[in-house]
Amino acid sequence: GAGVSQSPSNKVTEKGKDVELRCDPISGHTALYWYRQSLGQGLEFLIYFQGNSAPDKSGLPSDRFSAERTGGSVSTLTIQRTQQEDSAVYLCASSTRAGTNTGELFFGEGSRLTVL
Amino acid sequence: AQSVTQLGSHVSVSEGALVLLRCNYSSSVPPYLFWYVQYPNQGLQLLLKYTTGATLVKGINGFEAEFKKSETSFHLTKPSAHMSDAAEYFCAVRYGGSQGNLIFGKGTKLSVKP
Chain A
1 GAGVSQSPSN KVTEKGKDVE LRCDPISGHT ALYWYRQSLG QGLEFLIYFQ GNSAPDKSGL
61 PSDRFSAERT GGSVSTLTIQ RTQQEDSAVY LCASSTRAGT NTGELFFGEG SRLTVL
Chain B
1001 AQSVTQLGSH VSVSEGALVL LRCNYSSSVP PYLFWYVQYP NQGLQLLLKY TTGATLVKGI
1061 NGFEAEFKKS ETSFHLTKPS AHMSDAAEYF CAVRYGGSQG NLIFGKGTKL SVKP
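Shown next, in the form of structure tokens:
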């Protein structure tokens, strides 16, 4: 597709369940980012991929959070044993290598996670 | 720690009035600076950016921002607000020489009154 695609757009789950969020970046974009957007908290950086490797995963809040990227394309963010404080919008963004240097990111519409 | 501060979580202006959204960063090293806009139920999109060169940069939809090193600021302005400008605006920085993530401010929600 033309833009960054994220699925599901909305996910409601029960506390303690695992969830997977998917991001399909713009074709040819080598860099991929995950951010979390909570009400009143702005955007919180989670993890950054360049190709399939993650040189910066400093933002993952706990070991319940993990992410992988395969084939230099699709990425999955997994949250295990979800907690209510995990409720947020999870945003994915991608960029070219040049965009990685200049910070020009292209964002998806996000996956809204609600943990009951 | 490097940070970005946006003054005012909510700004309200009348249609046709000046829009001024404030952003300050903390660093002794000039960063790359960005403003992103998020319309309701949409992802963020780049409004404008400063990397090097001219300190006054123009973006889409009539917005512009000026990098002022002495004030460590990158305020966003638009001379005349339009109803369609109602959105949330995020200032972001990326420090020179570093790879990876942008650091975002907490956002300013702009309301435009008719």
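Those sequence lines, one after another, are chains A and B. Residue numbering for the first sequence follows the working numbering, beginning at 1 and increasing consecutively. Residue numbering for the second sequence follows the working numbering, beginning at 1001 and increasing consecutively. Every residue, glycine too, gets a C-beta built ideally from N, C-alpha and C.
- Can you tell which of A:Gln-37, A:Cys-92, A:Phe-45 has its C-alpha closest to the C-alpha of Cys-23 (chain A)? Selected option, being the one with the closest Cα: A:Cys-92.
- For Thr-1005 (chain B), collect the residues of the same chain with a Cβ closer than 6 Å to its Cβ; drop the 5 residues on either side in sequence, then sort them by chain order. Closer than 6 Å at the Cβ level, and outside the excluded window around Thr-1005 (chain B), lie Asn-1024.
- Helix, strand or coil at Thr-1052 (chain B) [DSSP, three-state]: It is coil, neither helix nor strand.
- Minimum Cβ-Cβ distance from Glu-68 (chain A) to chain B less than 8 Å: Look at Glu-68 (chain A): its C-beta is not under 8 Å from any C-beta on chain B.
- Message: According to DSSP, simplified to helix, strand and coil, what is Glu-14 (chain A)?
- Response: DSSP places Glu-14 (chain A) in coil when its eight states are reduced to three.
- Span separating the alpha-carbon of Gln-1103 (chain B) from that of Gly-1016 (chain B): According to the sequence displayed, residue 1103 (chain B) carries Ile and not Gln. Straight through space, the alpha carbons of Gly-1016 (chain B) and Ile-1103 (chain B) are spaced by roughly 31 Å.
- Message: I need the boundaries of the beta strand (DSSP E) containing Asn-1024 (chain B), first residue and last residue.
- Response: Counting along the chain, Asn-1024 (chain B) sits inside the beta strand (DSSP E) bounded by residues 1019-1026.
- Message: Under 8 Å, Cβ to Cβ, is there at least one residue of chain B near Glu-85 (chain A)?
- Response: In terms of beta-carbon proximity, Glu-85 (chain A) stays away from the interface with chain B, with every pair separated by 8 Å or more.
- Is it the case that the Cβ atoms of Gln-1038 (chain B) and Glu-1088 (chain B) are separated by a distance below 8 Å? For Gln-1038 (chain B) and Glu-1088 (chain B), yes; Cβs fall inside 8 Å.
- Does the distance from the CB of Thr-13 (chain A) to the CB of Arg-97 (chain A) come in under 8 Å? Between Thr-13 (chain A) and Arg-97 (chain A), the C-beta gap is not smaller than 8 Å, which leaves the two residues out of contact.
- Query: Starting from Lys-1113 (chain B) and walking both ways along the beta strand (DSSP E), at which residues does that stretch end?
  - Reply: In the DSSP assignment, Lys-1113 (chain B) falls within the unbroken beta strand (DSSP E) covering 1108-1113.
- Query: Measuring CB to CB, does Leu-32 (chain A) end up less than 8 Å from Ser-75 (chain A)?
  - Reply: In this structure, the beta-carbon distance from Leu-32 (chain A) to Ser-75 (chain A) falls below 8 Å.
- Message: So, with DSSP's three-state summary, where would you put Lys-1068 (chain B)?
- Response: Of the three classes helix, strand and coil, the one that applies to Lys-1068 (chain B) here is strand, per DSSP.
- Message: Give me the DSSP bridge partner(s) of Arg-36 (chain A).
- Response: DSSP, once it has assigned bridges, lists A:Glu-44, A:Tyr-90 as partnering Arg-36 (chain A).
- Is it true that the CB of His-1010 (chain B) sits closer than 8 Å to the CB of Lys-1078 (chain B)? In this structure, His-1010 (chain B) does not lie closer than 8 Å to Lys-1078 (chain B) by Cβ.
- Message: Determine, for Phe-1063 (chain B), whether the minimum Cβ-Cβ distance to residues of chain A falls below 8 Å.
- Response: Closer than 8 Å: no.
- Item | Where Ala-1087 (chain B) meets chain A, residues with beta-carbon distance less than 7 Å | In chain order: nothing, as chain A lies at least about 13 Å away.
- Of the residues B:Met-1083, B:Ser-1084, B:Asn-1101, B:Leu-1056, the one placed nearest Lys-1069 (chain B), counting alpha carbons only: Per the Cα distances, B:Leu-1056.
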